[in-house]
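S.K.: I'd like to ask you about the structure that follows.
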Amino acid sequence: MSANTMETSTSTAAATAIVAGGERTSWKDVVFSPRYGGLAALLLVVLATPLFIDGVYQFDMAILVMINAAVVIALNLLVGYAGQVSLGHAAFFGLGGYATAILTTRYEWPSLLALGAGVVLVVAIAAVIARPILRLKGYYLAMATLGLGMIIYLIITQESWLTGGPDGTSVAPLEVYGYAVYDEIVWYWLLAALVVVMYWLALNIIDSPVGRALRALHGSEIAADNSGIDVNHYKTVVFVLSAGVAALMGGLYAFYSGFIAPSTAGFMHSIELVVMVVLGGMASLVGSVVGAVLMTLLPQYLVVLSEYEWLVYGLVLMLVMIFMPRGLVPTLHGLIRRVTG
Amino acid sequence: MGEFLQYLVTGITIGSTFALVALGFCLVYNASGIINFAQGDFVMVGGMSAVFIMASGVPMGLALFLAVVVGGLAGVLLYKGGIQPATNAEPIQLIIITVGAALFLRGVAQVVWGTGYFSLPTFTGDEPIRFLGVVMVPQSFWVIGVTVAIVAALGLFFTRTRLGKAVLATSYNRDAATLMGIDTSMVLLLSFGLAGALGAVAGVIVAPITFAHYEMGIMFGLKGFVAAVLGGLGSFVGAVAGALILGITEAMMAGYISSDYKDAVAFVLILLILFFMPSGLFGRRGVERV
Amino acid sequence: MSMLRIESLTKQFGGLRAIEDLSFDVREGEVHSVIGPNGAGKTTLFNLITGVYQPTSGRVLLDGQDLSGKAVHQRSALGMSRTFQNLQLCLNMTARENVMLGGHLGLPGSLFSSLLRLPHLTRADRRCRARAAELMDYVGLGDYVDRDTTAMPYGALKRLEIARALAANPKLLLLDEPAAGLNANETAAIEHLIRGLCQEGVTVILVEHDMKLVMNISAHIVALNYGQKLAEGTAQEIRNHPEVIAAYLGAAA
Ligand SMILES: Nc1ncnc2c1ncn2[C@@H]1O[C@H](COP(=O)(O)OP(=O)(O)O)[C@@H](O)[C@H]1O
Ligand SMILES: [Mg+2]
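Chains as they are written, first to last, in our numbering: chain A, 697 to 1037; chain B, 187 to 476; chain C, 21 to 273.
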């Protein structure tokens, strides 16, 4: 790091010589990389899980985990990678679910068309709202997304003639080419495939110039802007993308459970989603899956604590954030790297 | 006209409780840069404590006072147990910590007091008072009066006392305050404690009007937050103004249009304000420095 | 030919005029320095040129094109790139990724090709990766290529910003106090670097307090005080300008 280095360097600023990627990669980098180790582990878990679980209840849990995982992977792009907090994402999930429910049961649209319409509706809303909302930063952004979510939630609760109000509404089963999907096993494989594809697509985004631009929004908007990155454009893209995925999963959730209630769009659900992102690990795709697994299953186990459920749940959130602020997966990854040198 | 005045009074009453919550948000935000999502649950702690302390035979005045003390303790506990140990956490982690604290408080309330709805007797009877065609329950006077008194007391505290000035100095510039010999962790503790007590006061004075319930804190918290952001997040005057604007708008909406969307008023208002004035009504405007 | 033209530029912050009716030209391929005491408005000038701030009045032209109303990223796309007095790096990325960020404009940026990881994109990105390492080597950061940004010393971070700016292949490079906080060796390295860039045809606008560095490499100097142009000319002319000596050099000498 001295003048010498520069003098001996023959390359120039204008040079564009291509050096073949000759980087050293150790087996550890491969095992711990989200692309190889992470994807392999995900595939393995998804393929092996049906061998170990049994009965409607356990499949139901697995399916809910995967629905959440898909939402959280996309939300992590927004919150973890791009650093834009959203405390209203459940509203997109709920809206997708309700659109699907209403279009199929009330207007008898074909399943896939209704599902698609729900996604399009949410994407349109997200695209319109993205510019003004993402101009805001920090707590102002948190407040605005929270407000947007609450408005959508309140509309869903109030417009009973359309939504069934606080009691929720039932949904016709998913029907593809005349075949109605009821079976838990079918749902399991459908969602498993979806989660794996979602993980892979998210990984591709992250490993691309777009992903770098997203992380730059988190790191320094000024640096991003100055590097020719259209900050507003990328914020909009990732916001709309994550909203669209939430809507898609909301629609599938509605089909799967045959019923949808306003709480799916509510503030607490939004918080749960963000908790999954942060607890698993911001800017960690493996973390998103881990966060979804833990935070979907934890309340199920806490039920045995009956009235102590919320107390313990709150305590767990606090303790994990105090002792592992980066989230489980990055913290563990760091530990392992330190131990194995 | 009478109708209008009636709604106005209702709005000011409810706005007053929002103001206390919003002031709690501001205190904590100024001292620590944290938005405390458990702020609304301090309201619940105050209301529920008052109900149960009174039920155990303690005279009303003392019970109300003790309930406020419990709220203050909850604030101190939150700082000691959740905020202080979380060194170098980013805003999003702090959001989750305080959300965790909110759920924890709610959980404790559920275990200790159950999930029922409880009411507190009004402080001084139920005989409505009429003037200028407006009907007011005496408790409304209490709500407004207590809020005015507290705002005044806070004003004196910040401008006349050493401690208050230390809190203000810390909120302007923590490092400079430390250099001046101010014990900033003490200031933080005080701010959380005060925020807890403020929330509890709100809980105590509204419990006779609305019911006390272990989940009552959610909406109070969200609306207090809206009021604080409306006022520019961190400005005390702004917070009170934001709270009154919110309370009055809600009451007008419920009175003249429909009460179906009463709760949505806060969120529509905040979106509009943020879209057109990104730093709130009273926030400092300015360009980001590079 | 003048590449950049500043035309009666004024920027007002409330009651304060940070830049007042400032005009000058920057010729292509030269090092053009802007000097002045702290608070003179140098960084504000950079912010006006790059589009971070909108001027109160006046305009900036690049190759004769009026830049008014153009956003920062659009100006970057026209070939200007800068470094910051207060570091603006992404601490959530490795050093190399920060440099690759600078090469963003040269890469396919569509979401679709990213989603499917189309070959032309991975190829371009791999090139960008390799070039980032070269550039880091060029600015003397060869040892830091895959380090975390948080693990690098201040002097290295300043040069990392230069590498990032270069990754965009700028025709106009704006450096805001690149030698501040650096030791004599490092400053010499910066001087060498700027000279090299200049030979490649990059036009440089330099804001710097190190007078030795400024006098050594500048073809042209503008001296600012309280946002106004005090003097303009060659190093020789500035050095002997009585008002500059009084306002700035005098205090330092
Ligand atoms: N965003 C801003 N808002 C208000 N005043 C500013 C802003 N940016 C710069 N200034 C003021 O403009 C003047 C010039 O600042 P600056 O350009 O940073 O000076 P220099 O870089 O020459 O030291 C200073 O008085 C500074 O306080
Ligand atoms: Mg400067």
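From the three backbone atoms N, C-alpha and C, an ideal C-beta is built for every residue, glycine too.
1) With a threshold of 8 angstroms between beta carbons, is Ile200/B in contact with chain A?
2) Among all the DSSP beta bridges, which residues are the ones paired with Asn245/C?
3) State the beta-bridge partners of Ser22/C as determined by DSSP.
4) Mapping DSSP to helix, strand and coil, what is Ile315/B?
5) Using beta-carbon positions only, say whether Ser53/C and Ile241/C come within less than 8 angstroms of one another.
6) Starting from Leu233/C and walking both ways along the alpha helix (DSSP H), at which residues does that stretch end?
7) If we ignore side chains and look at the alpha-carbon of each, how far apart do Trp896/A and Gly983/A end up?
8) Which partner residues does Met100/C have in the DSSP bridge list?
9) May I ask you to report which of helix, strand or coil DSSP gives Arg137/C?
10) When the Cα atoms are used, what is the spatial distance from Arg149/C to Met120/C?
11) Does any CB atom of chain C fall closer than 8 angstroms to the CB of Asp756/A?
12) Bridge partners of Phe304/B, per DSSP?
13) Taking DSSP's pairing of strands, which residues face Ile956/A in a bridge?
14) Run through the region 340-382 of chain B for me and flag every whole alpha helix (DSSP H) of 4 or more residues, listed as ranges in chain order.
15) Taking only beta-carbon positions, decide if Phe461/B is within less than 8 angstroms of chain A.
16) Would you give the residue range spanned by the beta strand (DSSP E) that Leu81/C belongs to?
17) For His1029/A and chain C, any beta-carbon pair shorter than 8 angstroms?
18) With a threshold of 7 angstroms (Cβ to nearest heavy atom), would Ala1041/A be considered close to ligand 1?
19) Under 8 angstroms, CB to CB, which of the residues in the region 885-905 of chain A have a partner in chain C?
20) Enumerate in chain order the residues of its own chain whose CB-to-CB distance from Glu917/A is below 6 angstroms, with the five nearest sequence positions on each side excluded.
21) Measuring from the CB of Ala38/C, is there a heavy atom of ligand 4 at a distance below 7 angstroms?
22) Do you know whose CA, among Gly428/B, Phe461/B, Val451/B, Ile456/B, lies nearest Thr202/B's CA?
23) According to DSSP, is Arg179/C helix, strand or coil?
24) How long is the line joining the alpha carbons of Asp41/C and Ala153/C, rounded to whole angstroms?
25) Show which residues of chain B have a CB atom less than 7 angstroms away from the CB atom of Leu831/A.
26) Please identify, using Cβ separations under 8 angstroms, the residues of the region 972-990 of chain A that lie next to chain C, in order along the chain.
27) Are the C-beta of Ala943/A and some C-beta of chain C separated by less than 8 angstroms?
28) Between Asn922/A and chain C, is there a C-beta pair that is closer than 8 angstroms?
29) Determine whether the Cβ of Ala273/C lies closer than 8 angstroms to any Cβ atom of chain A.
30) Among Asn67/C, Arg147/C, Asp83/C, Glu228/C, which has the Cα closest to the Cα of Met23/C?
31) Give me the residue from Ser782/A, Lys833/A, Asn764/A, Leu799/A with the minimum Cα distance to Pro491/B.
32) Judging by CA-CA distance, which residue of Gly812/A, Tyr875/A, Leu850/A, Gly874/A is the nearest neighbour of Gly864/A?
33) Against chain B, with Cβ distances strictly below 8 angstroms, would Glu871/A count as a contact?
34) The alpha helix (DSSP H) that contains Met322/B, what's its start and end?
35) Is there a Cβ of chain A sitting closer than 8 angstroms to that of Phe422/B, yes or no?
M.R.: Answer, in terms of the structure:
1) Position 14 of the second sequence, counted from the start, is the residue given in the question as residue 200/B. By this cut-off, Ile200/B is not an interface position.
2) For this step, residue 245/C is matched to residue 225 along the third sequence. Partner(s): Gln248/C.
3) If you number the third sequence from 1, residue 22/C lands on position 2. Partner(s): Arg47/C.
4) Numbered from its first residue, the second sequence carries residue 315/B at position 129. Reduced to three states, the DSSP call for Ile315/B is strand.
5) Taking the first residue of the third sequence as position 1, residue 53/C is located at position 33. Taking the first residue of the third sequence as position 1, residue 241/C is located at position 221. Taking 8 angstroms as the Cβ cut-off, Ser53/C and Ile241/C qualify as a contacting pair.
6) Here the question's residue 233/C lines up with position 213 in the third sequence. Residues 231-237.
7) Within the first sequence, residue 896/A is the residue found at index 200, counting from 1. Within the first sequence, residue 983/A is the residue found at index 287, counting from 1. Whole-angstrom Cα-Cα distance: 14 angstroms.
8) Looking up residue 100/C in the third sequence gives position 80. Note: Met100/C sits in a beta bridge opposite Leu192/C.
9) As a position in the third sequence, residue 137/C is number 117, starting the count at 1. Note: Arg137/C maps to coil in three-state DSSP.
10) As a position in the third sequence, residue 149/C is number 129, starting the count at 1. As a position in the third sequence, residue 120/C is number 100, starting the count at 1. Roughly 6 angstroms between the two C-alpha positions.
11) Here residue 756/A refers to the residue found at position 60 of the first sequence. It does not; no Cβ of chain C falls within 8 angstroms.
12) Sequence index remark: in the second sequence, residue 304/B carries index 118 (1-based). Beta-bridge pairing links Phe304/B to Ala398/B.
13) For the purposes of this step, residue 956/A is identified with residue 260 of the first sequence, where counting begins at 1. DSSP, once it has assigned bridges, lists Thr865/A as partnering Ile956/A.
14) 348-358, 360-365
15) Looking up residue 461/B in the second sequence gives position 275. So, interface residue.
16) Within the third sequence, residue 81/C is the residue found at index 61, counting from 1. Unbroken beta strand (DSSP E) run through Leu81/C: 77-82.
17) Sequence index remark: in the first sequence, residue 1029/A carries index 333 (1-based). No - not a single Cβ of chain C is within 8 angstroms of the one on His1029/A.
18) Residue 1041/A lies beyond the range of chain A shown here (697 to 1037); nothing can be said about it.
19) Leu897, Asn900, Ile901, Asp903, Ser904, Pro905
20) The sequence position of residue 917/A within the first sequence is 221, counting from 1. Excluding residues within five positions, the ones whose Cβ falls inside 6 angstroms are Val927.
21) For ligand 4, the structure offers nothing, since it holds only ligand 1 and ligand 2.
22) In the second sequence, the residue the question calls residue 202/B occupies position 16. Position check: residue 202/B holds Ser in this sequence, whereas Thr was assumed. The shortest Cα separation from Ser202/B among Gly428/B, Phe461/B, Val451/B, Ile456/B belongs to Gly428/B.
23) Position 159 of the third sequence, counting from 1, holds the residue named residue 179/C. Correct three-state label for Arg179/C: helix.
24) Here the question's residue 41/C lines up with position 21 in the third sequence. Here the question's residue 153/C lines up with position 133 in the third sequence. Cα to Cα, the separation comes out at about 42 angstroms.
25) By one-based count along the first sequence, residue 831/A stands at place 135. Here residue 831/A turns out to be Arg, not Leu, going by the sequence shown. By Cβ distance, chain B contributes Pro464.
26) Ala979
27) Sequence index remark: in the first sequence, residue 943/A carries index 247 (1-based). Not closer than 8 angstroms to any Cβ of chain C, the Cβ of Ala943/A fails to qualify, so no.
28) Your numbering for residue 922/A matches position 226 in the first sequence. Yes, its Cβ sits closer than 8 angstroms to a Cβ of chain C.
29) Locating residue 273/C in the third sequence gives position 253, counting from the first residue. Its pLDDT being 41, under 50, Ala273/C is placed unreliably in this model, and the value from its coordinates should be taken loosely. No, Ala273/C lies away from the interface with chain A (no Cβ there is under 8 angstroms from its Cβ).
30) Taking the third sequence and counting its residues from 1, one reaches residue 23/C at position 3. Among Asn67/C, Arg147/C, Asp83/C, Glu228/C, the Cα nearest to that of Met23/C is on Asp83/C.
31) Residue 491/B falls outside the range modelled here, since chain B spans only 187 to 476, and no answer is possible.
32) To locate residue 864/A, count along the first sequence from 1; it is residue 168. Comparing Cα-Cα distances from Gly864/A to each of Gly812/A, Tyr875/A, Leu850/A, Gly874/A, the minimum goes to Leu850/A.
33) Start at 1 with the first residue of the first sequence, and residue 871/A comes out as number 175. Closer than 8 angstroms: no.
34) If you number the second sequence from 1, residue 322/B lands on position 136. It is not in any alpha helix (DSSP H) - Met322/B instead sits in the beta strand (DSSP E) that spans 320-322.
35) Position 236 of the second sequence, counted from the first residue, corresponds to residue 422/B. Not one chain A Cβ lies under 8 angstroms of Phe422/B.
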